[in-house]
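*Asks:*
Number of protein chains: 2
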Amino acid sequence: MIHIAVVGGLREELLTLAQVAHEQLGAHVHFSLYDYMNEVEVPDVPYITTVLVESEAKMVAQATEAVASGQVDILMKGIISTRTVLKEVLKSDYELVTQPLLSHVALADIPSASRQLLISDAAMNIEPDVDSLIHITNNAITVAHSHGIKQPKVALLSSTEQVNSKMPSSLLAHEVSVYFKKRADAVVSGPLSLDLATSEDAVAHKNFDGSVAGNADVLIVPTIDVGNVLYKSLTVFAGATIGGMIVGTRMPIVLTSRSDSTESKLLALTLALDHISNKKEQS
Amino acid sequence: MIHIAVVGGLREELLTLAQVAHEQLGAHVHFSLYDYMNEVEVPDVPYITTVLVESEAKMVAQATEAVASGQVDILMKGIISTRTVLKEVLKSDYELVTQPLLSHVALADIPSASRQLLISDAAMNIEPDVDSLIHITNNAITVAHSHGIKQPKVALLSSTEQVNSKMPSSLLAHEVSVYFKKRADAVVSGPLSLDLATSEDAVAHKNFDGSVAGNADVLIVPTIDVGNVLYKSLTVFAGATIGGMIVGTRMPIVLTSRSDSTESKLLALTLALDHISNKKEQS
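Those protein sequences? They're chains A and B, same order as listed.
Here my numbering is used: the first residue of the first sequence is 10, the next is one more, and so on.
Here my numbering is used: the first residue of the second sequence is 10, the next is one more, and so on.
1) Among A:ILE150, A:LEU165 and A:PHE246, which has the Cα closest to the Cα of ILE158 (chain A)?
2) PRO137 (chain A) by DSSP, collapsed to three states: which one?
3) Comparing alpha-carbon positions, which option in B:ILE135, B:ASP138 and B:SER208 lies nearest ALA164 (chain B)?
4) According to the neighbour-count rule (16 or more other Cβ atoms, all chains shown, within 10 Å of its Cβ), is ASP82 (chain A) buried or exposed?
5) So is VAL38 (chain A) in contact with chain B if we call contact Cβ pairs under 8 Å?
6) Any chance you could list the beta strand (DSSP E) runs of at least 3 consecutive residues sitting entirely within the segment 110-169 of chain B, in chain order?
7) I need the straight-line Cα distance from PRO261 (chain A) to PHE40 (chain B), nearest angstrom please.
8) Whether or not the segment 226-237 of chain B and the segment 262-273 of chain A are in contact is what I'm after, with contact meaning three or more pairs of Cβ atoms, one per stretch, closer than 8 Å; do they touch?
9) Closest Cβ-Cβ distance between PRO55 (chain B) and chain E: below 8 Å?
10) Sort A:TYR45, A:LEU26 and A:PHE217 by Cα distance to GLU63 (chain A) and report the nearest one.
11) For ARG20 (chain A), count the other beta carbons within 10 Å of its own beta carbon; 16 or more makes it buried, fewer makes it exposed. Which is it?
12) What number of angstroms, rounded off, separates the C-alpha of HIS12 (chain A) from the C-alpha of HIS37 (chain A)?
13) What is the DSSP secondary structure of SER179 (chain A), reduced to helix, strand or coil?
14) Less than 8 Å between the CB atoms is what I'm expecting for ASP130 (chain A) and LYS241 (chain B), so what's the real figure, rounded?
15) Mapping DSSP to helix, strand and coil, what is LYS241 (chain A)?
16) For the structure I just gave you, are there three or more beta carbon pairs, one from the segment 213-222 of chain A and one from the segment 136-151 of chain A, closer than 8 Å?
17) Which residues of the segment 196-216 of chain B have a Cβ closer than 7 Å to any Cβ of chain A? Give them in chain order.
18) Name the residue from B:SER178, B:ILE255 and B:SER220 whose alpha carbon lies nearest to the alpha carbon of VAL94 (chain B).
19) Evaluate ALA193 (chain A) with the Cβ neighbour count: other Cβ atoms within 10 Å of its Cβ, from every protein chain shown; 16 or more gives buried, anything less gives exposed.
20) Taking the Cβ atom as the reference point for each residue, do LEU99 (chain B) and VAL139 (chain B) lie within a distance shorter than 8 Å?
21) Just checking: is the beta-carbon of THR244 (chain A) within a distance shorter than 8 Å of some beta-carbon in chain B?
22) Using the Cα positions of SER156 (chain B) and ILE128 (chain A), report the straight-line distance between them to the nearest angstrom.
23) Taking 8 Å as the CB-CB cut-off, is GLY257 (chain A) touching chain B?
24) The alpha helix (DSSP H) that contains HIS37 (chain B), what's its start and end?
25) List the DSSP bridge partners of THR258 (chain A).
26) Report the option in B:HIS154, B:LYS96 and B:LEU23 whose CA atom is closest to the CA atom of THR59 (chain B).
27) Whole angstroms are fine: how far does the CA of SER101 (chain B) sit from the CA of THR107 (chain B)?
28) Quick check on ASN224 (chain A) - is its C-beta less than 8 Å from some C-beta in chain B?
29) So, ALA5 (chain A) versus TYR43 (chain A), is the Cβ gap smaller than 8 Å?
30) Considering only residues of the same chain and omitting the five flanking positions on each side of SER178 (chain B), which have a CB-CB separation below 6 Å?
31) Which one or two residues does DSSP pair with HIS12 (chain A) in a beta bridge?
32) Using 8 Å as the limit for Cβ to Cβ distance, is PRO137 (chain A) near chain B?
33) If we cut at 8 Å on Cβ distances, does MET176 (chain A) have a partner in chain B?
34) Taking the Cβ atom as the reference point for each residue, do MET133 (chain A) and HIS154 (chain A) lie within a distance shorter than 8 Å?
35) DSSP on VAL227 (chain B), reduced to helix/strand/coil?
36) List, in order along the chain, the chain B residues whose C-beta lies closer than 9 Å to that of LYS96 (chain A)?
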């Protein structure tokens, strides 16, 4: 059984998610909907538990404690600010942080693309330096593995393929790619522009050659602005469904926003479930 | 008659462009194909002149001189590096620079969007400061006007709608939006994320309100990396055709790359033609 705690979960859209997830993912998924107000009538079904408390602070604390004690496998943000959830999770008493850096990893399902793409970090780290981008890349590789990609091709995005001292993102990408050179369970390449990372047509047109060229599984962006615009342009103009989670903690924290579709929330949950099953197998 | 000088133009793809442009845009467009080598057999037609010289340097100098003397209205980059063309154009003897900053403006035709979008600067200015972003915005507004949009809605992109001291792009966008507050012939708003700038659905979902919300004509990006990833994601994943030019000089410089489709080159040319006709009307 996989236990999912939804913080701010007694809301229409999260109840719907729990029901759809139960239908599509099967009986092994259990939801605890934590909230301090109740907008919905929860049906009496075995896969949903309701936890109604007095305040937002109590709600977050109780859900996080459930994670810390091992009762919960995945924390999902419902209707509450990301900042409030993260502030609680980062408290050292819980001992939930396992990696040097927390980062956001999104999974994009793009109708026009030949494969799903993992994107990081489009939501959490604003302007990572070399060390931070190494941690971000590391976290994303772990997620790619748990998502079933044994040797993910990772593109470090920039606007160019040449290292150019005037373009910070190209230097950043170069340094990170050097760091991962000897890594056997991932191929990390950069600087690369998005078309040469993801489009075999562009690669052919430009006579480009490289270990990741045209076939990236993972896109690492240099700044949150690059990630955000990529994320948004894929959803707004390319009909993509994207869902994401924060990793670097003992359990993944699924981030959803009120405007996300149920499909997007479900995609994020699937990514987190893969991540959890993989961890359970390894431990 | 509009005279277009193509630098590095005696090549298959640029000859094709001249022929397609003649068919689609009419008899008032004349091409001078400058080159120092000849890959093609140019048909004997009144709308194409061939200028074959001994060296790349001579080719660039002669084409730029033709612009400076007023014989040529639009300079188009063929098979030659952008840097080489710009280096020549920027020489003060020619007196071609008319604005405080040269910038790149692209026009995107996106099948899933309700309107065309102008994007700047995705190709030239790497990390503009407030002053530079003001010039970039100004140049883009001029292009929007010549493209027929009387009061363009301009979105200054960031990852957020709140001004956040930790997010440089939000501060930048805020300062630029304040500068343009009293401008009557454009509505400039920011910081805005891409979905709230371009998607009425996203605006409705998030209960967002603003003068540009969901209806931007022009997207100003905070860095070249944001512009590049937007440009590439639109072409690779959303089937967009995009063409661009450099403005801030007496005549626009149409940039095309070898891998651009004829449609993309034609779109860039159309944008430049609008710009030229508008200037001719005003002078």
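Ideal Cβ placement from N, Cα and C applies to all residues, glycine included.
*Replies:* Reading from the atomic positions:
1) Numbered from 1 along the first sequence, position 149 holds the residue referred to as residue 158 (chain A). Looking at the Cα atoms, A:ILE150 is the closest of the given residues.
2) As a first step, residue 137 (chain A) is located in the first sequence; it is residue number 128 there, counting from the start. DSSP places PRO137 (chain A) in coil when its eight states are reduced to three.
3) Residue 164 (chain B) sits at position 155 when you count from the first residue of the second sequence. The option with the nearest alpha carbon to ALA164 (chain B) is B:SER208.
4) Numbered from its first residue, the first sequence carries residue 82 (chain A) at position 73. With 16 or more other Cβ atoms within 10 Å, it is buried.
5) As a first step, residue 38 (chain A) is located in the first sequence; it is residue number 29 there, counting from the start. Output row for VAL38 (chain A): interface = no.
6) 112-118, 126-129 and 162-166
7) In the first sequence, residue 261 (chain A) corresponds to position 252, counting from 1. In the second sequence, residue 40 (chain B) corresponds to position 31, counting from 1. Taking the straight line joining both Cα atoms gives about 59 Å.
8) no
9) Going by chain labels, chain E is absent from the structure shown, which instead holds the protein chains A and B.
10) Mapped onto the first sequence, residue 63 (chain A) falls at position 54. Here the closest residue by C-alpha is A:TYR45.
11) By 1-based counting over the first sequence, the position of residue 20 (chain A) is 11. By the neighbour-count rule (16 or more Cβ atoms within 10 Å), ARG20 (chain A) is buried.
12) Working through the first sequence from its first residue, we reach residue 12 (chain A) at position 3. Working through the first sequence from its first residue, we reach residue 37 (chain A) at position 28. Taking the straight line from one Cα to the other gives about 9 Å.
13) If you number the first sequence from 1, residue 179 (chain A) lands on position 170. If DSSP states are grouped into helix, strand and coil, SER179 (chain A) belongs with the helices.
14) Counting from 1 along the first sequence, the entry for residue 130 (chain A) is found at position 121. Counting from 1 along the second sequence, the entry for residue 241 (chain B) is found at position 232. Actually they do not touch by this definition, with Cβ atoms about 19 Å apart.
15) Mapped onto the first sequence, residue 241 (chain A) falls at position 232. Three-state DSSP puts LYS241 (chain A) in a helix.
16) no
17) SER202, LEU203, ASP204, THR207, SER208, ALA211, HIS214 and LYS215
18) If you number the second sequence from 1, residue 94 (chain B) lands on position 85. Of the listed residues, the one whose Cα sits closest to VAL94 (chain B) is B:ILE255.
19) Residue numbering aside, residue 193 (chain A) sits at position 184 when the first sequence is read from its first letter. Exposed, because fewer than 16 other Cβ atoms sit within 10 Å of the Cβ of ALA193 (chain A).
20) Against the second sequence, residue 99 (chain B) aligns to sequence position 90. Against the second sequence, residue 139 (chain B) aligns to sequence position 130. In this structure, VAL139 (chain B) does not lie closer than 8 Å to LEU99 (chain B) by Cβ.
21) Position 235 of the first sequence, counted from the start, is the residue given in the question as residue 244 (chain A). Yes, because at least one Cβ of chain B sits closer than 8 Å to the Cβ of THR244 (chain A).
22) As a working note, residue 156 (chain B) is residue 147 in the second sequence. As a working note, residue 128 (chain A) is residue 119 in the first sequence. Ser is not the amino acid found at residue 156 (chain B); the sequence shown has His there. Looking at the two C-alpha atoms, the distance is approximately 35 Å.
23) Translated into positions along the first sequence, residue 257 (chain A) becomes position 248. So, not an interface residue.
24) The count along the second sequence starts at 1 and reaches residue 37 (chain B) at position 28. From DSSP, HIS37 (chain B) is part of no alpha helix (DSSP H); its letter is neither H nor E.
25) Here residue 258 (chain A) refers to the residue found at position 249 when the first sequence is read from its first residue. Beta-bridge pairing links THR258 (chain A) to A:VAL106.
26) Your numbering for residue 59 (chain B) matches position 50 in the second sequence. The residue with the shortest Cα to Cα distance from THR59 (chain B) is B:LEU23.
27) Walking along the second sequence from the start, residue 107 (chain B) turns up at place 98. Walking along the second sequence from the start, residue 101 (chain B) turns up at place 92. C-alpha separation (whole angstroms): 11 Å.
28) Locating residue 224 (chain A) in the first sequence gives position 215, where the first residue counts as 1. Judged by the 8 Å Cβ criterion, ASN224 (chain A) is not in contact with chain B.
29) Because residue 5 (chain A) is not part of the residues shown, which for chain A are 10 to 292, the question remains open.
30) Position 169 of the second sequence, counting from 1, holds the residue named residue 178 (chain B). These residues qualify, in order along the chain: SER167 and PRO231.
31) Position 3 of the first sequence, counting from 1, holds the residue named residue 12 (chain A). Partner(s): A:HIS39.
32) Here residue 137 (chain A) is taken as the residue at index 128 of the first sequence, counted from 1. With 8 Å as the cut-off, PRO137 (chain A) does not count as an interface residue toward chain B.
33) Counting from one through the first sequence, the residue named residue 176 (chain A) turns up at place 167. Chain B contact via Cβ: present.
34) Within the first sequence, the letter at position 124 stands for residue 133 (chain A). Within the first sequence, the letter at position 145 stands for residue 154 (chain A). No, Cβ-Cβ distance for MET133 (chain A) and HIS154 (chain A) is not below 8 Å.
35) For this step, residue 227 (chain B) is matched to residue 218 along the second sequence. VAL227 (chain B): strand per DSSP, three-state reduction.
36) Working through the first sequence from its first residue, we reach residue 96 (chain A) at position 87. Under the 9 Å cutoff, chain B gives no residues; its nearest Cβ is about 15 Å from LYS96 (chain A).
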